[in-house]
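Numbering (the numbering used here), first residue to last: 0 to 211.
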């Protein structure tokens, strides 16, 4: 029996890709890739619709070539393709886009702290949830600062928030690196998906994406 591929939220048994059986293996992302790149037998795959498609495209093509070689050496070729899938997934977090970073300052008097930054530095309030206030510069909206009395669902106030385009990939990268997960990957009621991790200096990082 060939090994199981576990990469970028994809789990598929390579024996499901034998020359005798072309049924799509389990896994939503891989099933979509199978339908487009293998099941349809396209020589030229369609334009990738996402980062995951782009990174896995060549690996899937390699697996397809292994299927075509037949039973004599197809297993080894498919296993080589499995390695490429793992490599593609490992490269994914390196290409992951960082969309925004925001320092978070803990305060016991959020009203006084807000007034200080507004009056002294000219910030304006762009979000106020009571326990967190986010300030921004009118001329440069990406220049932001958050003030927090506590966190609504997590046990600590994070030192910085980092918004990424793929929080699930970031979470997997953090686990692969052995980082301490301070707050689990969670869909929060205010519309973000996030987790907290601790960096080597002990700082707590809030990694998030806004749900669409």
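Where a beta carbon is used, it is the ideal one built from N, C-alpha and C, also for glycine.
Just so you know, these numbers come straight off a predicted model, no measurement behind them.
So residue i and residue j are in contact, right, with Cβ under 8 Å, and what is the actual spacing, rounded?
i, j, result
"residue 181", "residue 197", "6 Å"
"residue 159", "residue 97", "Actually they do not touch by this definition, with Cβ atoms about 11 Å apart."
"residue 206", "residue 161", "5 Å"
"residue 152", "residue 187", "6 Å"
Exposed or buried, which one is residue i when buried takes at least 16 other CB atoms within 10 Å?
i, result
"residue 170", "buried"
"residue 102", "exposed"
"residue 147", "buried"
"residue 140", "exposed"
"residue 111", "exposed"
"residue 127", "exposed"
"residue 172", "buried"
According to DSSP, is residue i helix, strand or coil?
i, result
"residue 2", "Confidence at residue 2 is low in this model, with a pLDDT of 40, below 50, so its placement is unreliable and the value that follows should be read with caution. Of the three classes helix, strand and coil, the one that applies to residue 2 here is coil, per DSSP."
"residue 176", "coil"
"residue 105", "strand"
"residue 187", "coil"
"residue 170", "helix"
"residue 119", "helix"
"residue 100", "strand"
"residue 152", "coil"
"residue 133", "strand"
"residue 23", "Bear in mind that the predicted position of residue 23 carries a pLDDT of just 40, short of 50, making it unreliable; the figure below should be weighed with that in mind. Correct three-state label for residue 23: coil."
"residue 113", "helix"
"residue 200", "coil"
Out of the options, state which residue places its alpha-carbon closest to the alpha-carbon of residue i.
i, options, result
"residue 200", "206, 168, 190 and 178", "178"
"residue 129", "168, 121 and 113", "113"
"residue 165", "208, 105, 110 and 119", "208"
"residue 115", "206, 152 and 145", "145"
"residue 154", "194, 142 and 108", "194"
"residue 119", "163, 183 and 134", "134"
"residue 190", "99, 167, 211 and 127", "211"
"residue 167", "111, 107 and 183", "183"
"residue 131", "117, 137, 138 and 105", "105"
"residue 150", "109, 95, 100 and 99", "109"
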